[in-house]
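Quick notes on the structure that follows.
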Amino acid sequence: MNQNDATKRVEELRQLLEKYGYHYYVLDDPLVPDAEYDEKMQELIWLEEEFPELKQSDSPTVRIGGKPLDAFEKVQHTIPMMSLGNAFNEQDIYDFDRRVRQAAGDDVQYTCELKIDGLAVSLTYENGRFVRGATRGDGTTGEDITKNLQTVGSIPLRLSQPVDIEVRGEVFMPKRSFEKLNAAKEDAGEALFANPRNAAAGSLRQLDPKVAAKRNLDIFLYSIADVDGADIQTHYGAISYMKELGFKTNPNTQHCPGAEEVIEYINSWIDRRNDLSYEIDGIVIKVDRLHQQEELGFTAKSPRWAIAYKFPAEEKVTTLTGITLSV
Ligand code: NAD
1 MNQNDATKRV EELRQLLEKY GYHYYVLDDP LVPDAEYDEK MQELIWLEEE FPELKQSDSP
61 TVRIGGKPLD AFEKVQHTIP MMSLGNAFNE QDIYDFDRRV RQAAGDDVQY TCELKIDGLA
121 VSLTYENGRF VRGATRGDGT TGEDITKNLQ TVGSIPLRLS QPVDIEVRGE VFMPKRSFEK
181 LNAAKEDAGE ALFANPRNAA AGSLRQLDPK VAAKRNLDIF LYSIADVDGA DIQTHYGAIS
241 YMKELGFKTN PNTQHCPGAE EVIEYINSWI DRRNDLSYEI DGIVIKVDRL HQQEELGFTA
301 KSPRWAIAYK FPAEEKVTTL TGITLSV
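If you read the sequence shown in the UniProt record's numbering, its first letter stands for residue 1, the second for the next number, and so on.
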């Protein structure tokens, strides 16, 4: 591809991705399937690598999420809420493992988690009491949705210990609740939600907390952003501590000593994902030791110590090695 064609295509992709992002993040009403968005994003990443002079600081490849809605009070995230780098096949996992070992040494272990397809939220507790909940927004500024989150039954309003802590997790709508909600909407002649992710996001970003209260939302917490006075050395340890405090964490999280075990874990979920009562869109792989996470640090958009393996569109699914052939 020559420079002229690349310039045209980059502009075209940026405009498309911005439009898709606005409908997905701001309106909770996607125009295209996630796989189509991901394909276009990968193409833009590739073009910006091949033609670095075309890369701009506000490209969708470096921006996180969408602008917060003006209808909500804004919350500044003291610790940014970032995105995750993506892996689509076995080779991407080995490449990630190699980058991690180059930077953090050979003695690396991973924690693998289900990638819950919902809306990222941050929950702040002071003295063990829930005081604020926010969306990710654009990563630095989110929306204050405390009142809506107070209606989610699995979010504890008071913890088992009087700690100051900020945790992060994913609010989701179970598949059955989503089906019931859309059936009721259909009966009422209202527009349907595209999928449980958008239903969860749309329910949480309502101004009237009574709406969220009726939507049967649920949550899994998956990380501690900040905590006072706890000695935590590993990500797995952080999850155990959250459980101890009374947070709901996902029971399928697994410790994996190396890349082979990570791939086994992914393959086992490709077969089983449809058995879950909630939707997942991939697997998140995180370096387990927190001091190694610190050494690895962050890019502008995502941590270098984690990656999200994305499931391909359902019809392409066989095994991880099979996917390598189909992308
Ligand atoms: P991402 O979905 O690739 O990953 C980051 C998010 O994963 C986190 O913010 C968190 O919300 C979530 N997550 C779930 N389980 C987690 C766990 N166990 N640990 C850590 N995080 C976990 O990145 P993104 O920036 O949120 O969104 C990009 C994705 O959204 C795209 O890849 C695409 O699939 C989708 N999208 C779709 C459209 C569309 O038009 N269909 C538009 C924009 C984005």
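Quick reminder that beta carbons are idealized off the backbone N, C-alpha and C, glycines included.
A quick note: this is a predicted structure, and the numbers were derived from the prediction, not measured.
Buried or exposed by the 16-neighbour rule on C-beta atoms within 10 Å, applied to residue i
i: PRO68; result: buried
i: LEU17; result: buried
i: LYS286; result: buried
i: ALA201; result: buried
i: HIS77; result: buried
i: TRP305; result: buried
i: HIS291; result: exposed
i: ASP5; result: exposed
i: TRP269; result: buried
i: SER57; result: exposed
i: ASP70; result: exposed
i: ASP28; result: buried
i: PRO33; result: exposed
i: GLU173; result: Reading off the sequence shown, one finds Met at residue 173, where the question assumed Glu. MET173 comes out buried.
i: SER326; result: The pLDDT assigned to SER326 is 28, lower than 50, so where the model puts this residue is not dependable; a value taken from the coordinates is nonetheless given after this. Exposed, by the Cβ-count rule.
i: ASP231; result: exposed
i: PRO257; result: exposed
i: ARG176; result: exposed
i: ALA259; result: buried
Endpoints, alpha helix (DSSP H) assigned at residue i
i: GLN42; result: 34-50
i: LEU245; result: 235-245
i: ILE266; result: 259-272
i: ASP70; result: Counting along the chain, ASP70 falls outside any alpha helix (DSSP H), and DSSP gives it neither H nor E.
i: residue 328; result: There is simply no residue 328 to check, as the chain begins at 1 and stops at 327 in what is shown.
i: ALA313; result: Per DSSP, ALA313 belongs to no alpha helix (DSSP H) and is neither H nor E.
i: ASN195; result: No alpha helix (DSSP H) contains ASN195, which DSSP labels as neither H nor E.
i: LYS248; result: Unbroken run through LYS248: none, as it is neither H nor E.
i: HIS291; result: 290-296
i: THR7; result: 3-21
i: LEU149; result: 146-149
Cβ neighbours of residue i in the same chain (closer than 8 angstroms, five flanking residues each side left out)
i: GLN3; result: PHE51
i: ASP144; result: PHE72, GLU73, LYS74, VAL75, ARG132, GLY133, ALA134
i: VAL121; result: GLY133, ALA134, THR135, ARG136, ILE145, LEU149, ARG168, GLY169, GLU170, VAL171, LEU204, ILE219
Neighbourhood of residue i by C-beta distance below 6 angstroms, restricted to the same chain and skipping five residues each side
i: ALA194; result: PRO30
i: VAL26; result: GLY66
i: THR318; result: Caution applies to THR318, whose pLDDT of 40 falls short of 50 and renders its modelled position unreliable; the model cannot decide the point.
i: PRO209; result: LYS147, ASN148, THR151
i: ALA313; result: ALA35
Beta-carbon proximity check, residue i vs residue j, cutoff 8 angstroms
i: ASP271; j: TYR110; result: no
i: GLY66; j: GLY118; result: no
i: LEU159; j: GLY246; result: yes
i: VAL227; j: ILE165; result: yes
i: GLU170; j: ILE224; result: no
i: ASN252; j: LEU204; result: no
i: LEU296; j: ALA87; result: no
i: LEU181; j: ILE155; result: no
i: LYS243; j: THR249; result: yes
i: GLY153; j: PRO80; result: no
Beta strand (DSSP E) segment containing residue i, residue limits
i: VAL287; result: 280-287
i: HIS255; result: 254-256
i: ARG142; result: Sequence check: residue 142 is Gly here, not Arg. GLY142 -> beta strand (DSSP E) spans 141-143.
i: ASP208; result: That residue, ASP208, is in no beta strand (DSSP E); it is neither H nor E in DSSP.
i: ALA188; result: Taken as a continuous stretch (DSSP letters only), ALA188 belongs to no beta strand (DSSP E), as it is neither H nor E.
i: THR111; result: 110-116
i: ASP29; result: No beta strand (DSSP E) holds ASP29; DSSP gives it neither H nor E.
DSSP beta-bridge partners of residue i
i: LEU123; result: GLY133, VAL167
i: SER223; result: ARG168
i: ASN86; result: ALA308
i: ASP218; result: PHE172
i: ARG158; result: ARG129
i: PRO303; result: PHE298
Sequence-distant residues of its chain with Cβ nearer than 7 angstroms to residue i (five each side left out)
i: ALA183; result: none
i: VAL108; result: VAL100, ARG101, VAL287, GLN292
i: LYS301; result: VAL62, ILE64, MET82, SER83
i: THR7; result: LEU54
i: LYS115; result: ILE280, ASP281, GLY282, ILE283, VAL284, ALA308
i: PRO162; result: ASN127, GLY128
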